[in-house]
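Q: Below is the structure I would like to discuss, written out as structure tokens.
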Amino acid sequence: MLRTNVASGAKWESLIGYSRLTKVGPHIFVSGTAPSVEARSADAYEQTKSVLRMIERSLSQVGAAFGDVVRTRMFVTNIARDWGSIGKAHAEVFGMVRPVTSMVEVRRLIEDWMLVEIEVDAITAG
Numbered sequence: 000m001l002r003t004n005v006a007s008g009a010k011w012e013s014l015i016g017y018s019r020l021t022k023v024g025p026h027i028f029v030s031g032t033a034p035s036v037e038a039r040s041a042d043a044y045e046q047t048k049s050v051l052r053m054i055e056r057s058l059s060q061v062g063a064a065f066g067d068v069v070r071t072r073m074f075v076t077n078i079a080r081d082w083g084s085i086g087k088a089h090a091e092v093f094g095m096v097r098p099v100t101s102m103v104e105v106r107r108l109i110e111d112w113m114l115v116e117i118e119v120d121a122i123t124a125g
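Here you go:
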């Protein structure tokens, strides 16, 4: 089966040895995506929007879209404070798609200022 890897250019990809997205047949897996540096001082909502824009760009590189997403996983550093803001941004994108999802609190992400990281699984027609 054909395998396609997509890189985003993040410094961690070459340091750790991973791809932003891997597509095998109709199955697409987007690795944990954290907010862009431009979203550094933003709140959880803005960071989530930044993450979703990066995921959308990655999906589009293999001919997929948010409508193909079947699962999301959200990792947040303060679920009690930020679940509503993160959930709002998620619902703006996936409210009609309704993928299965998880939101899990983690102690921290790779940079202290990051509040959210999202993984996505999708399935396309081919």
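Numbering (numbering that gives the first Met the number 0), first residue to last: 0 to 125. A virtual CB, placed ideally from N, CA and C, is assigned to each residue, including glycine.
(1) From Val92 to Asp42, what distance separates their C-alpha atoms?
(2) Grouping DSSP H, G and I as helix and E and B as strand, with all else coil, what is Asp120?
(3) Give me, in chain order, the residues of the same chain whose beta-carbon lies closer than 8 Å to that of Ala9; leave out the 5 immediate sequence neighbours on both sides.
(4) I'd like the span of the alpha helix (DSSP H) that includes Met53, first residue to last.
(5) For Arg39, which residues from the same chain have a beta carbon less than 7 Å from its beta carbon, with the 5 sequence-adjacent residues on both sides left out?
(6) Name, in chain order, the residues that DSSP records as bridge partners for Met102.
(7) Give me the Cα-Cα distance between Val50 and Arg70, rounded to the nearest whole angstrom.
(8) Note down the Cα distance separating Ala79 from Arg97, rounded to an integer number of angstroms.
(9) Give the secondary structure of Arg80 by DSSP, where H, G and I count as helix, E and B as strand, and everything else as coil.
A: Once the coordinates are examined:
(1) Indexing the sequence shown from 1 puts residue 92 at position 93. Indexing the sequence shown from 1 puts residue 42 at position 43. Approximately 18 Å, taken between the alpha carbons.
(2) As a working mapping, residue 120 is identified with position 121 in the sequence shown. Three-state result, Asp120: strand.
(3) For the purposes of this step, residue 9 is taken as the residue at position 10 of the sequence shown. Result list for Ala9: Arg19, in chain order.
(4) The residue you call residue 53 lines up with position 54 of the sequence shown. Here the alpha helix (DSSP H) through Met53 covers Ala43 to Ser59.
(5) Working through the sequence shown from its first residue, we reach residue 39 at position 40. Cβ neighbours of Arg39 within its own chain (closer than 7 Å, five residues either side excluded): Trp112.
(6) Here the question's residue 102 lines up with position 103 in the sequence shown. Paired residues: Met73.
(7) Within the sequence shown, residue 50 is the residue found at index 51, counting from 1. Within the sequence shown, residue 70 is the residue found at index 71, counting from 1. If I take the Cα positions, the gap works out to 15 Å.
(8) Locating residue 79 in the sequence shown gives position 80, counting from the first residue. Locating residue 97 in the sequence shown gives position 98, counting from the first residue. Going by the C-alpha atoms only, they are around 23 Å apart.
(9) The sequence position of residue 80 within the sequence shown is 81, counting from 1. Helix at Arg80.
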